[in-house]
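Sequential numbering of the sequence shown, starting at 4, is according to our numbering.
Ideal Cβ positions, reconstructed from N, Cα and C, are used throughout, including at glycine.
In what follows, a single structure is set out as structure tokens and then discussed.
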Amino acid sequence: MKSFSSQWSDHFSSQRFNPAALARWVESLGGLLAIAIFVVVNGGLMVAGGGKILNVLYPATALIVGLILYPRRDTLYLGFVWWIMFLSPFVRRVADWKAVWTDPSPILLAPSLVIFVSLLTMVRFLPRMKPQETLPFLVCLVPVCYAFLIGILKNPPIEVLVATLNWFSPLLLGFHIFTQYRQYPAYQHSMKRIFVWGSLVMGSYGIAQYVVAPPWDCSWMINTEINTNGIPQPFGIRVYSTLNSPQPFACAIKAGLLILLEQIGPISLVASGVGYLSFLLSSARSAWVSWAMSLVTYFTLLKASAQVKLVAWVTFAATLVMPLLVSEPFATVIQDRLKSFQDIKGDTSYDDRITTFNSAFDASIFEFVGNGIGKDAFAGDHGILSMLYSLGWVGMLTYMAGLFLAFYKLLRCQGKWKSTSIALFTSIALGTVQQIISNMAIIGVLGCIMWGFIGIALAGDRYHEWRSREL
């Protein structure tokens with residue numbers, strides 16, 4: 004038997020200096036320091052009322068931090084992308100409230116600018132990867148590039164530039180996540196953690212927004228004159244939390260709530276409570292349908308034992324939320340919105356939707372060439388018709404074919420790997436794509452959520468293939 008000193012010597016020799024590990028630690032520390040400086044500087048300007056400076060500094064420093072984090076190839080860049088997306092509209096509202104109303108606001112460009120850093124991923128990986136691996140992304144990229152060229156010819160350059168960021172960002176984000184498949188365990192854990200904490204933060208603020216109606220939110224609603232967000236007073240707002248409107252917020256928190264179905268712990272419990280309440284207060288019916296569709300899809304993709312656990316957790320979540328549904332000041336607004344499913348014609352927005360649908364249909368149905376990027380005639384409503392208007396028939400059908408290829412590949416791999424995480428990510432993406440019927444779900448926040456979860460699900464499939472060959 005070895006002596007104590009010999010054992011200690013062996014242990015010490017096994018803990019040899021590892022330059023690579025130290026370099027990774029220093030890189031991560033540098034990334035965290037960059038994020039901390041970004042938060043302190045921009046947070047200080049928000050508190051001090053430096054809205055005019057924020058309009059320039061916030062997107063510029065966000066891009067710089069993105070460039071610092073990107074080469075590290077860890078999950079810090081991914082986390083920064085999602086949190087910038089979640090919080091930038093809130094930053095804009097506070098900045099404008101403290102200073103001068105600015106529209107359009109450069110602050111809202113920050114998420115797309117940070118995501119566009121990952122264009123380097125496409126440049127690096129597309130030539131190296133097999134076409135069949137990247138086919139869904141390539142097929143969807145072609146009509147978007149085509150619409151960009153048409154937009155340059157038909158539409159104002161500034162509008163085309165801003166819209167280009169909106170259209171390309173989801174595809175770039177999804178492709179970047181997919182190419183990091185060798186780090187899939189870390190990436191899928193990071194995605195879950197981001198959306199759990201996102202549900203807690205956005206859900207909590209959403210309830211406060213409904214009850215208190217913060218002055219920066221009310222000021223923004225008055226200036227934008229967007230009636231669909233409710234009335235700028237306590238208990239009158241359709242909750243949109245830190246985002247710009249109820250649909251993007253509901254889509255983001257929907258993803259978090261579905262991820263919370265497999266999480267256990269006090270944070271998850273609180274996040275579920277505030278998340279479901281704010282989700283219902285958003286009154287976003289298409290997001291509610293999307294959540295239900297994702298839940299049913301997830302259930303069908305699970306094994307029998309996992310299905311039992313899911314039913315138990317959904318029952319528990321329903322028990323948690325039900326008291327809130329029958330308690331004022333929340334009950335009336337939620338119940339009235341739920342009743343509108345039974346009497347859709349009784350809904351005050353029904354006539355407006357029919358009118359806008361008819362005008363969108365007339366403007367789009369014969370668009371074979373399309374009007375290109377930069378001309379959004381329908382303000383993000385009627386997703387299929389908006390795609391048809393921008394991409395034309397050929398472009399829209401090509402894009403839909405790319406989505407079909409992505410989901411065909413994901414659904415085909417479910418039985419092969421029996422991964423609950425891949426099933427969950429696939430379900431979230433599939434539920435989001437359903438929103439194309441009523442919302443422009445391929446761009447902006449909705450598009451990033453759809454393609455982000457397509458990317459992580461495809462990365463999981465590719466990771467398991469890679470590991471099976473390595474073993």
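What three-state label does DSSP hand I240 in the structure shown?
Residue 240 sits at position 237 when you count from the first residue of the sequence shown. In this structure, I240 counts as strand in the three-state DSSP scheme.
Under 6 Å Cβ to Cβ from L203, same chain only, skipping five residues before and after it: list those, please.
The count along the sequence shown starts at 1 and reaches residue 203 at position 200. Within the same chain, L203 has close Cβ partners A274.
Using DSSP bridges, identify the partner residues of G233.
Against the sequence shown, residue 233 aligns to sequence position 230. Bridge partners of G233: I240.
Can you check which of these residues, G434, F93, L391, W420, is closest to G373 by C-alpha distance?
Here residue 373 corresponds to residue number 370 of the sequence shown, with the count starting at 1. Selected option, being the one with the closest Cα: L391.
Report the three-state DSSP secondary structure of R185 (helix, strand or coil).
Walking along the sequence shown from the start, residue 185 turns up at place 182. In this structure, R185 counts as helix in the three-state DSSP scheme.
Does the stretch 93-105 come close enough to the stretch 130-150 that 3 or more CB-CB pairs lie under 8 Å?
no
Own chain, CB closer than 6 Å to P114, minus 5 neighbours either side, in chain order
As a working note, residue 114 is residue 111 in the sequence shown. Same-chain partners within the cutoff: I87, M88, S91.
Between which two residues does the alpha helix (DSSP H) carrying T124 extend?
The residue you call residue 124 lines up with position 121 of the sequence shown. Residues 122-128.
In three-state DSSP terms, what is L57?
Start at 1 with the first residue of the sequence shown, and residue 57 comes out as number 54. DSSP places L57 in helix when its eight states are reduced to three.
Please report the distance separating the alpha-carbon of M399 from that of P146.
Translated into positions along the sequence shown, residue 399 becomes position 396. Translated into positions along the sequence shown, residue 146 becomes position 143. Cα to Cα, M399 sits roughly 7 Å from P146.
Excluding the five sequence neighbours on either side, which residues of its own chain have a C-beta within less than 7 Å of the C-beta of H14, listed in chain order?
Position 11 of the sequence shown, counted from the start, is the residue given in the question as residue 14. Per-residue confidence for H14 stands at a pLDDT of 45, beneath the threshold of 50, marking its modelled position as unreliable; no derived number is given.
State the Cα-Cα distance for the pair L406 and K342, rounded to the nearest angstrom.
Residue numbering aside, residue 406 sits at position 403 when the sequence shown is read from its first letter. Residue numbering aside, residue 342 sits at position 339 when the sequence shown is read from its first letter. Cα-Cα distance, rounded: 33 Å.
Short Cβ contact (9 Å threshold) for V120 with L60
By 1-based counting over the sequence shown, the position of residue 120 is 117. By 1-based counting over the sequence shown, the position of residue 60 is 57. Contact: no.
Check whether the Cβ atoms of C254 and A290 lie closer than 9 Å to each other.
Locating residue 254 in the sequence shown gives position 251, where the first residue counts as 1. Locating residue 290 in the sequence shown gives position 287, where the first residue counts as 1. Yes, Cβ-Cβ distance for C254 and A290 is below 9 Å.
Does the count of Cβ pairs from the stretch 463-471 and the stretch 185-205 closer than 8 Å reach three?
yes
Given that a residue counts as buried once 16 or more other Cβ atoms are within 10 Å of its Cβ, and exposed if not, what is M224?
By one-based count along the sequence shown, residue 224 stands at place 221. When all chains shown are included, M224 counts as buried.
Give the DSSP-derived three-state secondary structure of F333 in the structure shown.
For this step, residue 333 is matched to residue 330 along the sequence shown. In this structure, F333 counts as coil in the three-state DSSP scheme.
Give me, in chain order, the residues of the same chain whose beta-carbon lies closer than 6 Å to that of G209; leave out the 5 immediate sequence neighbours on both sides.
For the purposes of this step, residue 209 is taken as residue 206 along the sequence shown, with counting starting at 1. Cβ neighbours of G209 beyond the five flanking positions: V242, S244, S281.
Could you give the DSSP three-state label for S17: helix, strand or coil?
Taking the sequence shown and counting its residues from 1, one reaches residue 17 at position 14. Note that S17 has pLDDT 46, beneath the 50 cutoff, so the model's placement of it is unreliable and the number below is only indicative. Note: S17 maps to helix in three-state DSSP.
Quick check: the stretch 422-438 against the stretch 147-160, are at least 3 beta-carbon pairs closer than 8 Å?
no
Distance CB(I262)-CB(K195) smaller than 9 Å
Here the question's residue 262 lines up with position 259 in the sequence shown. Here the question's residue 195 lines up with position 192 in the sequence shown. It is a contact, given that the beta carbons lie within the stated cut-off.
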